[in-house]
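In our numbering, the protein residues as written are 1393 to 1498.
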């Protein structure tokens, strides 16, 4: 594992691509094992593929979602409230996995 450097995270895809993949994959696996896999897959492919992780400082990450995230979903039957709740949970999981991958756990 590469030692985490906040300045290098600004160019995250050049410096930490493997670690980002690992964090997103671990979050996906957790979500897929726990929640409706069809909805998890849809969120992963149609929303999170366009997300952007940022380092906020003090060991904290923030995942920015694309505009109109819920409206992007197609091919799944789920009400907006359920999608938003699952998406929020998924983002929390990604942020936790980013902290774990970079050994920045609270």
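For glycine and all other residues, C-beta sits at the position ideal for the given N, C-alpha and C.
Every value quoted in this text rests on a predicted model; they were computed, and no experiment measured them.
In whole angstroms, what is the alpha-carbon distance linking residue i and residue j?
i: residue 1463; j: residue 1410; result: 29 Å
i: residue 1435; j: residue 1407; result: 26 Å
i: residue 1499; j: residue 1441; result: Here the chain comprises residues numbered 1393 to 1498, so residue 1499 is not present and cannot be evaluated.
i: residue 1486; j: residue 1471; result: 23 Å
i: residue 1460; j: residue 1402; result: 25 Å
i: residue 1480; j: residue 1397; result: 27 Å
i: residue 1349; j: residue 1414; result: In the structure as shown, the chain begins at 1393 and stops at 1498. Residue 1349 is therefore absent and cannot be evaluated.
Does the beta-carbon distance from residue i to residue j come in below 7 Å?
i: residue 1445; j: residue 1432; result: no
i: residue 1476; j: residue 1419; result: no
i: residue 1465; j: residue 1438; result: yes
Could you check if residue i is buried or exposed, using at least 16 other CB atoms within 10 Å of its CB as the buried criterion?
i: residue 1493; result: buried
Tell me, to the nearest whole angstrom, how far the beta carbon of residue i is from that of residue j; I am working on the premise that it is less than 8 Å.
i: residue 1451; j: residue 1496; result: 4 Å
Alpha helix (DSSP H) segments (min. 4 residues) lying fully within the segment 1400-1449:
With a minimum length of 4 residues, the continuous alpha helix (DSSP H) runs that stay inside the segment 1400-1449 are 1404-1407, 1409-1426 and 1429-1438.
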